[in-house]
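Taking the working numbering, the leading residue of the sequence shown gets 4, the next gets one more, and so forth. Here a beta-carbon is modelled for each residue, glycine too, at the ideal position from N, C-alpha and C. Bear in mind the structure is a predicted one, so any value in this text is a computation, not a measurement.
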Amino acid sequence: MSKEMKTIGVLTSGGDAPGMNAAVRAVVRTALSLGCKVKGIQKGYAGLLNEEIFDLDALSVCDSLKRGVTFLYTARCAEFRTVEGQKKGAEICRKHGIDGIVVIGGDGSFNGAAKLAKYGINTIGVPGTIDLDIACTDYTIGFDTAVNTAMDAIDKVRDTSTSHERCSIIEVMGRNAGYIALWCGIANGAEDILLPEKFDYNEQQIIDHIIRSRKVGKTHHIIVNAEGIGHSAGMARRIEAATGIETRATILGHLQRGGSPTAKDRVYASIMGTYAVKALLEGKSNRVVAHKNGEFTDFDIQEALQMQKGLDDFQLYVSKVLTI
Ligand code: ADP
Ligand code: F6P
4 MSKEMKTIGV LTSGGDAPGM NAAVRAVVRT ALSLGCKVKG IQKGYAGLLN
54 EEIFDLDALS VCDSLKRGVT FLYTARCAEF RTVEGQKKGA EICRKHGIDG
104 IVVIGGDGSF NGAAKLAKYG INTIGVPGTI DLDIACTDYT IGFDTAVNTA
154 MDAIDKVRDT STSHERCSII EVMGRNAGYI ALWCGIANGA EDILLPEKFD
204 YNEQQIIDHI IRSRKVGKTH HIIVNAEGIG HSAGMARRIE AATGIETRAT
254 ILGHLQRGGS PTAKDRVYAS IMGTYAVKAL LEGKSNRVVA HKNGEFTDFD
304 IQEALQMQKG LDDFQLYVSK VLTI
């Protein structure tokens, strides 16, 4: 164990994601088992600046694994975007004896973590977001649960849509990223999938597709629409007017961020939490844990933030070819 790393802090930041608790639990128990103390910081960087900091022991994380909330709470914090806020955060860490921090969140949270590292606090990021939009990693905590939640909901919408021979537009989360939409589109057998990265559709094409499908005997038409494209209600009205087929829009919204995490999210989040603590104890800082090409690894935060991520071309092809 590195001599300097006596106390590790842990926080969750940005949008919550099912499985964050599993990562926190892993941080706490791994650190304790390796002789460190652990401090929980509530409400992300906002709680750090307000000194909402408390000791965590092995019992504090009992029963957290299966819960969808982040029991550390999460928040967004404008003050931490300022140099003064970042210096104050590092100073508060020193005041509480925190030598290193594990930050569980998305790209924004990693930007914050890099600033803490700059001002002398060792930091390791763990990717937590249902959007899967972190370029350095093929896995982010919460995506698997969110996709399964959305898939179940879309199956149900599809049932009623079929009974009424309707067209249904289901809007899933992803302000800038279409991964949830793409995965649901494939998993639910959607006839059309609208993705922010591929904003190349035109509504007339969708209308023509609906009319063609109806002519060959399809009794429903499912459109999975990503939040980044949005406007599902207006689209439904226009499609109904153009096709004469009853069309309904359903926005799944924040239910996708809740619920008990899947086995994959519990296990991968646990591995990443443990990995983060071991990285800190090896003297690493300013790194983000990733799962890349089938292996757990870590990247420099700045390098990770500069990486670009696109939708997988073969997955896109699959999503299209299976709708004929
Ligand atoms: P996510 O981590 O899910 O991407 P946000 O983008 O909302 O979520 O970022 C979470 C928090 O991280 C912000 O509220 C802010 O406190 C901090 N943060 C984001 N960007 C920066 C930055 N450039 N510098 C410092 N802190 C940042
Ligand atoms: O968690 C990611 C995400 O769900 C995005 O898809 C969405 O745009 C955003 O968070 C909304 O978050 P909030 O409602 O908390 O601002």
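- One alpha carbon belongs to Asp110, the other to Lys90, and they sit about 20 Å apart.
- Annotation for Arg260 indicates a beta carbon within 7 Å of some heavy atom of the ligand F6P.
- Between Glu194 and Ile225, the CB-CB gap stays under 8 Å.
- Take the alpha-carbon of Asn296 and the one of Asp141: they are about 7 Å apart.
- Look at Gly43 here: in three-state DSSP terms it is strand.
- At least 8 Å separates the beta-carbon of Glu174 from that of Glu82.
- For His167, the three-state secondary structure derived from DSSP is coil.
- DSSP links Ala116 through a beta bridge to no other residue.
- Using a C-beta cut-off of 8 Å, the segment 183–194 makes no contact with the segment 272–288, since fewer than three inter-stretch Cβ pairs fall below that distance.
- Around the C-beta of Glu200, 16 or more other C-beta atoms lie within 10 Å, and the residue is accordingly described as buried.
- When the beta-carbon positions are compared, Gly261 and Gly115 stay at least 8 Å from each other.
- Here Ile196 is near Val227, since their CB atoms are less than 8 Å apart.
- For Glu243, the uninterrupted alpha helix (DSSP H) run begins and ends at Ser235 to Thr246, by DSSP.
- Closest in alpha carbon position to His212, among Ala138, His167, Ala239 and Thr326, is Thr326.
- Taking each of Phe317, Ala156 and Ile44 in turn and checking the Cα distance to Leu255, the smallest one comes out for Ala156.
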